Amino acid sequence: MGATASALFRVPVPAGGHLPMPRVAIPTVIPRRSIPALPLVLVSSLVAAGCSDRDVAMDSAGADDTTTTAGTASASTSNGSADSTSAPADTTAAETSSGTTGGSPECPVPGEECVLIDVLFVVDNSGTMAQEQAHVAANFARFVEALEGLTDAAGSPVDTSVNVMVTTTDVGHPLCAAPGGSARRGAPVRDGCNSRIASFTGVETACTDVCPLDVVPTDPFVHFDSLGTNVPDGSPAQALSCLGPQGIDGCAYKSPLEAMLLALDPTACWNDPSQPGCADDPQWSGVDKPFLRDGAALAIVIISDGVECSVDAPDGEVYFTDDDVYWEIDPDTGAPAASPAVCWNAGVTCEGPDENGAWTGCMSTDNPVLHPTDRYRDALRDLGEMRDKEIVMLGILGVPEVTAHNPMPPFEPTAGGIYALQERPWTEADLTPAELDAGVTVEHKVWEFGDIAPGCANELGTAIFPNRVHEVCNSLNLVDDPRTPSLDESAPRCCIESICDDDYSAAMKCLNGGFSGPSNGLDSGG
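Per the numbering used here, the sequence shown starts with residue 1, numbered consecutively.
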C-alpha cells in the first residue's frame with residue numbers, strides 16, 4: 001500500500017493550455033441502484049464475506065509502518081468488563097471511559113450497554129473557504145447536540161460514549177508557506193479559534209460568533225458520555241464550536257485523504273500515548289487517553305470545497321515545482337504555471353465533453369503525482385479489521401444541494417446532491433458578477449482549478465466536486481453478497497451532502513442515522 005501505479009499518465013499540455021481528458025469507460029458517479037431502505041447498522045458485525053484474512057501494512061505516511069494481521073470486525077456496543085470498578089458519580093468521563101489502546105473501551109457504567117463512537121472531522125482551511133467558513137462553524141454544535149440526543153425506538157435516551165477530534169486538510173506542500181501557521185499533518189486541533197484568530201483574516205466572525213470565549217477539552221479531543229465530559233469549563237458543544245472553525249490560511253493544495261490517514265495513524269501519540277517518544281514530546285507528554293478506541297464505531301466527516309490533492313511526496317512534488325506536464329496556462333502571463341489545477345489534471349480522468357458539454361466517466365487515475373485512492377480504501381478497511389471498528393463517512397462537498405432524503409435511517413440523500421451533479425468544463429455563466437467586473441475570465445478559472453466547473457455555487461460559496469474523496473467514501477458501502485440470494489446485505493455507509501447548503505442539519509442527521517439499526521432501535525431524532 002502507498003506505492004503508485006507503474007503505468008505513468010503523462011499528457012503534454014498543448015499550446016492552448018487545456019489538458020485533454022483521456023477516455024475512460026468506468027464512471028465514478030455510479031447511478032443509484034434500487035436498494036431497500038435499510039438503516040446503517042453500526043452496532044452489528046460487518047458482513048463477514050467482505051473481510052479477508054491476510055497480513056496488512058497500515059503505511060501511515062509519516063509514521064513507521066505497522067504490520068498487522070487482519071481480523072474480523074465486531075460490534076460497536078460494549079459492556080464494561082467484569083473486573084471494572086464503578087467510578088464515583090462526580091468523576092469525569094475523561095477519567096473513566098476514554099478507553100485504552102489495544103483493549104476494549106469501557107462504557108461509562110460497567111455492566112451496562114452503551115454505544116461507542118469515535119468521530120473525526122477533517123476541515124478545509126484553505127483560502128477558498130472564506131465564504132463557507134461561517135455556516136460550517138455554525139453547525140458544529142448541532143452535531144454534538146444530535147449525538148447527545150440519541151434515543152431508542154421508545155424515545156428513551158441511549159447511553160453513548162463519544163470522542164470527537166478535529167484536524168485540517170493541510171499536510172504541507174512545497175508551494176505552501178502559510179503565514180503565521182504550519183501544516184497540521186493530521187494532528188488534532190487543540191486550541192480554541194480565538195487563539196488562532198490570525199488564521200481568520202477577513203472572516204473573524206466565523207470564530208467569534210460561535211465561540212465568544214475559547215472553551216477547550218483537557219484531551220486532544222472532545223469526550224462525553226453519561227457520566228460527564230472532559231470539557232471542564234463548558235459543554236462538549238461549546239468546545240467543538242471553538243475547536244471546529246479553522247480559518248483560511250491553510251494550503252490551497254487540499255489533502256483531506258492524507259490528513260485523514262495521518263489522523264487515524266494507530267502509532268500517533270494522540271491514538272497511542274504509550275508510543276516511544278510521546279512522553280518526551282512537550283506537545284503530547286500530558287496525553288494519556290487515545291482518541292481511537294478498539295471496538296468503537298468510527299465516523300469520518302470531510303468538509304471541503306475543492307479537488308482532493310494528496311501528493312505522493314516527495315517524488316510527486318516535482319510535478320508542482322519543475323515538471324510542467326500538468327500545468328495550465330496562466331492567462332496573465334501566457335506561460336504555464338503551477339496551480340491547484342494540477343490536482344484535477346493529475347488526479348482525475350474523464351471522457352468528453354459529450355454533446356451536452358459534460359465530462360462523463362470521471363474517475364481517479366494512478367500516476368506518480370498523487371497517492372492512489374487504494375491507499376486510503378485499504379487503510380480504512382485494515383483499520384476496521386485490526387481495531388474492530390465499523391466505519392462510515394460523511395462528505396460535505398461540492399455537489400448540488402440535496403432535495404430529498406430517505407425517511408428511514410440512515411437518512412441518506414435520494415435526490416439532488418450527487419445524483420444531480422454534472423461534471424463539465426467552465427463556462428462564462430459560472431463566473432460571478434463581481435468576477436466579471438474584475439476582468440476574471442474562464443481561462444483564469446481553468447488555470448486556477450483545472451477545467452472542472454463548480455459542483456455547486458450560490459451566495460454561500462463555490463465548490464468543486466472531489467472525485468477522489470467520493471471514491472473512498474463509496475468504498476465503505478456494504479454490497480450484497482451473491483452467495484446469499486435470500487438476503488440483501490447492501491447498505492449505504494457513505495453520505496454525500498452539499499457544502500453550499502446553509503444548514504447541515506440533514507447532513508448531521510444522515511451521519512447520526514448511521515448509528516441506528518434494528519439491533520438497537522436507535523433514532524437520531526429530528
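Glycine included, every Cβ here is placed at the ideal spot set by N, Cα and C. In this text the structure is predicted, and so the values were computed from the model without any measurement.
Which partner residues does Gly393 have in the DSSP bridge list? In the sequence shown, counting from the first residue as 1, residue 393 sits at position 393. Note that residue 393 is Met in the sequence shown, not Gly. Met393 pairs with Ile300, Cys494.
Simplified DSSP assignment, three categories, for Cys456: Along the sequence shown, one-based indexing puts residue 456 at 456. Of the three classes helix, strand and coil, the one that applies to Cys456 here is strand, per DSSP.
Use the C-beta contact count for Gly244: other C-beta atoms within 10 angstroms, 16 or more gives buried, fewer gives exposed. Taking the first residue of the sequence shown as position 1, residue 244 is located at position 244. Under a 10 Å Cβ-count criterion, Gly244 is classified as buried, with 16 or more other Cβ atoms of the shown protein chains found around its own Cβ.
Looking at Val215 and Gly234, is the spacing between their C-beta atoms short of 8 Å? The count along the sequence shown starts at 1 and reaches residue 234 at position 234. The count along the sequence shown starts at 1 and reaches residue 215 at position 215. The answer is yes: Cβ separation under 8 Å.
Thr160 versus Thr151: straight-line alpha-carbon distance, rounded: Position 160 of the sequence shown holds residue 160. Position 151 of the sequence shown holds residue 151. About 10 Å.
Nearest to Val325 (by Cα), restricted to the options Ala134, Pro336, Ser505: As a first step, residue 325 must be located in the sequence shown, where it is residue number 325. Ranking the options by Cα distance to Val325, first place goes to Pro336.
In chain order, what are the residue ranges of uninterrupted beta strand (DSSP E) at least 3 long that sit wholly in the segment 155 to 194? Runs of the beta strand (DSSP E) inside the segment 155 to 194: 160 to 168.
Taking the C-alpha atoms as reference points, what is the distance between Leu487 and Leu478? Taking the sequence shown and counting its residues from 1, one reaches residue 487 at position 487. Taking the sequence shown and counting its residues from 1, one reaches residue 478 at position 478. Separation of Leu487 and Leu478 (C-alpha to C-alpha, rounded to the nearest whole angstrom) is 13 Å.
The alpha helix (DSSP H) spanning Ser241 covers which residue range? As a working note, residue 241 is residue 241 in the sequence shown. Where Ser241 is concerned, the enclosing alpha helix (DSSP H) starts and stops at 236 to 243.
Over the uninterrupted beta strand (DSSP E) stretch that includes His470, give me the two end residues. Here residue 470 is taken as the residue at index 470 of the sequence shown, counted from 1. Where His470 is concerned, there is no enclosing beta strand (DSSP E), although the alpha helix (DSSP H) it sits in stretches over 467 to 474.
Determine the DSSP secondary structure at Ile329, reduced to helix, strand or coil. Within the sequence shown, residue 329 is the residue found at index 329, counting from 1. Strand.
Relative to the C-alpha of Ser339, which residue among Glu328, Thr349, Asp332 is closest? Counted from its first residue, the sequence shown places residue 339 at position 339. Checking every option, the nearest Cα to that of Ser339 belongs to Glu328.
Entirely within the segment 225 to 285 and at least 4 residues each: give me those alpha helix (DSSP H) ranges in chain order. Listed in chain order, the alpha helix (DSSP H) elements of length 4 or more contained wholly in the segment 225 to 285 are 236 to 243, 256 to 263.
Ser505 beta carbon less than 8 Å from that of Cys456: Here residue 456 refers to the residue found at position 456 when the sequence shown is read from its first residue. Here residue 505 refers to the residue found at position 505 when the sequence shown is read from its first residue. Contact check for Cys456 against Ser505 fails: the beta carbons are separated by 8 Å or more.
Assigned secondary structure, Val442 (DSSP; H/G/I helix, E/B strand, else coil): Numbered from its first residue, the sequence shown carries residue 442 at position 442. If DSSP states are grouped into helix, strand and coil, Val442 belongs with the helices.
By DSSP, does Phe411 sit in helix, in strand, or in coil? The residue given as residue 411 occupies position 411 in the sequence shown. In the structure shown, the three-state DSSP call for Phe411 is coil.
Own chain partners of Ala358 with C-beta closer than 7 Å, once the 5 adjacent residues on each side are dropped: Taking the sequence shown and counting its residues from 1, the one referred to as residue 358 is at position 358. Within the same chain, Ala358 has close Cβ partners Gly352, Gln422, Glu423, Arg424.
Identify which residue in Leu227, Pro220, Pro410, Val307 has its Cα closest to the Cα of Phe121. The residue you call residue 121 lines up with position 121 of the sequence shown. Looking at the Cα atoms, Pro220 is the closest of the given residues.
Considering only residues of the same chain and omitting the five flanking positions on each side of Asn271, which have a CB-CB separation below 6 Å? One-based indexing of the sequence shown puts residue 271 at position 271. Cβ within range, chain order: Pro290, Phe291, Leu292.
I'd like the span of the beta strand (DSSP E) that includes Gly361, first residue to last. What you label residue 361 is simply residue 361 of the sequence shown in a count that begins at 1. Counting along the chain, Gly361 sits inside the beta strand (DSSP E) bounded by residues 360 to 364.
Where does Leu436 sit, in a helix, a strand or coil, going by DSSP? Your numbering for residue 436 matches position 436 in the sequence shown. Of the three classes helix, strand and coil, the one that applies to Leu436 here is helix, per DSSP.
I'd like to know if the segment 371 to 380 and the segment 435 to 451 are in contact, where contact means that at least 3 CB-CB pairs between them fall below 8 Å. No, the segment 371 to 380 does not touch the segment 435 to 451.
Express the C-alpha separation of Ala138 and Leu46 in angstroms, rounding to a whole number. Stepping through the sequence shown from its first residue, residue 46 is reached at position 46. Stepping through the sequence shown from its first residue, residue 138 is reached at position 138. Any answer about Leu46 is weak, because its pLDDT of 27 lies below 50 and its placement is not dependable; what the coordinates show is given next. Near 34 Å, if we compare the C-alpha coordinates of Ala138 and Leu46.
For Pro413, tell me which candidate among Ala507, Gly347, Leu431 has the shortest Cα-Cα distance. Start at 1 with the first residue of the sequence shown, and residue 413 comes out as number 413. Looking only at Ala507, Gly347, Leu431, the smallest Cα-Cα distance to Pro413 is reached by Ala507.
Distance between Cys107 and Ala89 (C-alpha atoms, nearest Å): The residue given as residue 89 occupies position 89 in the sequence shown. The residue given as residue 107 occupies position 107 in the sequence shown. Note on Ala89: pLDDT 35, under 50, position unreliable in the model; no value is reported.
Ends of the alpha helix (DSSP H) at Gly384? Indexing the sequence shown from 1 puts residue 384 at position 384. Where Gly384 is concerned, the enclosing alpha helix (DSSP H) stretches over 374 to 386.
What three-state label does DSSP hand Thr205 in the structure shown? Position 205 of the sequence shown, counted from the first residue, corresponds to residue 205. Correct three-state label for Thr205: helix.
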